[in-house]
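Residues -27 to -1, 1 to 368, numbered by mature numbering (1 follows the signal peptide of the UniProt record, and there is no 0), are exactly what the sequence shown covers, in order.
The block underneath contains the structure these notes are about, expressed in structure tokens.
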Amino acid sequence: MFNNGRISLRRYVAALSLAFVPLLSVAQELASNPTLVSELSTIPAPTLGAKAWLSLDANSEQIIAAHNIDERIEPASLTKLMTAYLVFDAIEAGRLSLDQEVTVSENAWRTEGSRMFLNPNTQVTVNELLQGMIVQSGNDATVVLAETISGSEEAFAALMNEEAKRQGLSNTHFENGSGLPHPDHLTSVRDLGILAKNLVTRFPQHVHYYSQKEYLYNKINQPNRNRLLWLDTTVDGLKTGHTKTAGYGLVTTALRDGRRIITVVTGTANDAARTEDSLKLLNWSYQNFDTVELYKPNEPIVNARIWEGETENVGLGLKQSVWVTVPRGRSNDIKPTAHYAQPLMAPVAQDQQVGNVTFSLEDHTLANVPLLALENVPQAGFVGRMVDKVRMWFN
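In structure tokens, the structure reads:
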């Protein structure tokens, strides 16, 4: 269930723990929180044949369940998720356009593996190439896009690795944009889940490519290899992958009642197995877990005492909505804890981080987000500061 109504946490405010803690960056907080939501559930994950797999809620960005999450694996054509991400980024930045025509190089035409069946030295649009790469998994289309953006496959691979580092994909290294086998071309299901989440949330206007069931080019009609597009109407992507050494993999995303879940399965025995594993994981994730909105942006969580300021209190809250995934029926058990330095001294600027708020369930951290001042509080004049110094002395 996806809960669009907020869980009211005002009833917890009186019980909020107000303590000083060292402030961490968001990346550090996420990295230090290994909790899988499934660890809080009494309902086990389905038995899957995949060698490594993951289920991720895109709204809360929490990992629901996973197996061999950081084991380095061969991504095969799942690589094309990063290629598409960089193409979409170039379009958004104005460096490419969908109707832009580019020339098919001899190098792209000779590319091995799955193909869009481009002809050398012909003109083709970026829109056609995207369909060839995403729907048909064409390596030739992928190479043309890589060469168009970076000039060569090697330079594009370097760009892919820069973006992987920026996204925190610590187990990922790319050697090419299509996923052709290479000993150093590796990733993990955690990294693939993060990449898929970033793609669908940053570029929702382009997700439609992934739900396209077939594409006709050069008088050759090829179906999308993602069989879930025919089996489940809520599935709208994303990408299949296969090589002899990698096995069969599938990154899937579905949207049910406004809630998006992403699954990654890799190393299955065949196409039917990756399809079955993905559908099992999707259904289990939707049926047994809820995602709820705890607070909206700029909504006060704490009305804190501030000293030596022009006002005595300041509202503390969050810059962005906080969504949390929990086992079904457990949303009322979520406990918030606010941490900020005391005494809180003026001046304080609006949106200045003064601490953190931790949301937990059974001592397991679900989310840890920055706590911000919601308004400016200038420092008081001399008399006001002296009065507060006396008050602080007695308090």
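Where a beta carbon is used, it is the ideal one built from N, C-alpha and C, also for glycine.
Fair warning: this is a prediction, and the values are worked out from it, not measured in the lab.
On a CA-only basis, which of the options is nearest residue i? Give me that one, please.
i, options, result
"residue 162", "321, 320, 224 and 121", "224"
"residue 277", "235, 335 and 344", "344"
"residue 148", "160, 141 and 140", "160"
"residue 133", "86, 59, 105 and 82", "59"
"residue 350", "330, 279, 337 and 314", "279"
"residue 271", "312, 218, 250 and 326", "326"
"residue 317", "362, 342, 332 and 294", "362"
"residue 27", "15, 9 and 16", "9"
"residue 340", "321, 314, 308 and 205", "308"
"residue 211", "217, 368 and 233", "233"
"residue 284", "179, 353 and 324", "353"
"residue 292", "304, 303 and 323", "323"
"residue 202", "227, 115 and 214", "227"
"residue 68", "261, 123, 250 and 286", "123"
"residue 382", "320, 342, 315 and 356", "With the chain covering -27 to 368 only, the question about residue 382 has no answer from this structure."
"residue 17", "365, 313 and 256", "256"
"residue 217", "86, 15 and 81", "86"
"residue 141", "164, 119, 125 and 245", "164"
"residue 321", "128, 329 and 286", "286"
"residue 357", "319, 261, 15 and 303", "319"
"residue 15", "261, 290 and 312", "261"
"residue 303", "335, 144, 366 and 95", "335"
"residue 177", "146, 204, 209 and 117", "209"
"residue 44", "204, 306, 143 and 83", "143"
"residue 329", "244, 135 and 290", "290"
With residue i as the anchor, note down where its alpha helix (DSSP H) starts and where it stops.
i, result
"residue 186", "Per DSSP, residue 186 belongs to no alpha helix (DSSP H) and is neither H nor E."
"residue 170", "162 to 175"
"residue 239", "From DSSP, residue 239 is part of no alpha helix (DSSP H) but of the beta strand (DSSP E) over 232 to 241."
"residue 248", "244 to 261"
"residue 80", "79 to 82"
"residue 99", "99 to 107"
"residue 202", "201 to 204"
From what residue to what residue does the beta strand (DSSP E) around residue i run?
i, result
"residue 287", "286 to 290"
"residue 227", "220 to 229"
"residue 269", "It is not in any beta strand (DSSP E) - residue 269 carries neither H nor E in the DSSP assignment."
"residue 211", "208 to 216"
"residue 74", "74 to 76"
"residue 196", "193 to 196"
Would you mind giving the Cβ-Cβ distance between residue i and residue j, rounded to the nearest angstrom? I have them listed as a contact below 8 Å.
i, j, result
"residue 167", "residue 90", "About 33 Å separates the two Cβ atoms, so there is no contact after all."
"residue 207", "residue 220", "26 Å between Cβ atoms; not a contact."
"residue 247", "residue 238", "5 Å"
"residue 19", "residue 253", "4 Å"
"residue 49", "residue 235", "Actually they do not touch by this definition, with Cβ atoms about 18 Å apart."
"residue 394", "residue 182", "Coverage of the chain is limited to positions -27 through 368, which leaves residue 394 absent and any answer about it impossible."
"residue 77", "residue 121", "Not quite, the Cβ-Cβ distance comes to about 10 Å (not below 8 Å), so this is no contact."
"residue 347", "residue 282", "Contact flag wrong, Cβ pair sits at about 14 Å."
"residue 294", "residue 310", "That belief does not hold up - the Cβ atoms of residue 294 and residue 310 are roughly 19 Å apart, past 8 Å."
"residue 158", "residue 47", "7 Å"
"residue 51", "residue 337", "No, residue 51 and residue 337 are not in contact; Cβ-Cβ is about 30 Å, not under 8 Å."
"residue 214", "residue 222", "4 Å"
"residue 130", "residue 150", "7 Å"
"residue 29", "residue 172", "The Cβ separation is near 12 Å, so there is no contact."
"residue 119", "residue 174", "24 Å between Cβ atoms; not a contact."
"residue 139", "residue 113", "Not a contact, Cβ separation roughly 28 Å."
"residue 80", "residue 116", "6 Å"
Item checked: 4-residue-minimum alpha helix (DSSP H) runs that sit fully inside the segment 116 to 144, ordered along the chain -> 126 to 139
Note to self: Assess contact between the segment 14 to 29 and the segment 38 to 45, defined as three or more Cβ pairs (one per stretch) separated by less than 8 Å. Is contact present?
What the structure shows: With the cut-off at 8 Å, the segment 14 to 29 and the segment 38 to 45 touch.
Next item on the list: Could you tell me which uninterrupted beta strand (DSSP E) segments, each at least 3 residues in length, are contained entirely in the segment 23 to 52, listed from first to last along the chain?
Entry: 25 to 30 and 36 to 40
Next item on the list: Assess, as a yes-or-no matter, whether the segment 91 to 109 is touched by the segment 180 to 188 under the definition of 3 or more beta carbon pairs within less than 8 Å.
Entry: yes
Next item on the list: Taking 8 Å as the threshold, find out whether the segment 295 to 306 comes into contact with the segment 261 to 270 through three or more Cβ pairs.
Entry: yes
Item checked: Those runs of the beta strand (DSSP E) which lie wholly inside the segment 301 to 352 and span at least 3 residues -> Segments of the beta strand (DSSP E) lying fully in the segment 301 to 352: 308 to 313, 326 to 334 and 337 to 346.
Next item on the list: Say whether the segment 153 to 160 touches the segment 87 to 106, bearing in mind that this needs 3 or more beta-carbon pairs closer than 8 Å, one atom from each stretch.
Entry: no
Check: Is the segment 193 to 204 close to the segment 64 to 71, with three or more CB pairs under 8 Å?
Finding: no
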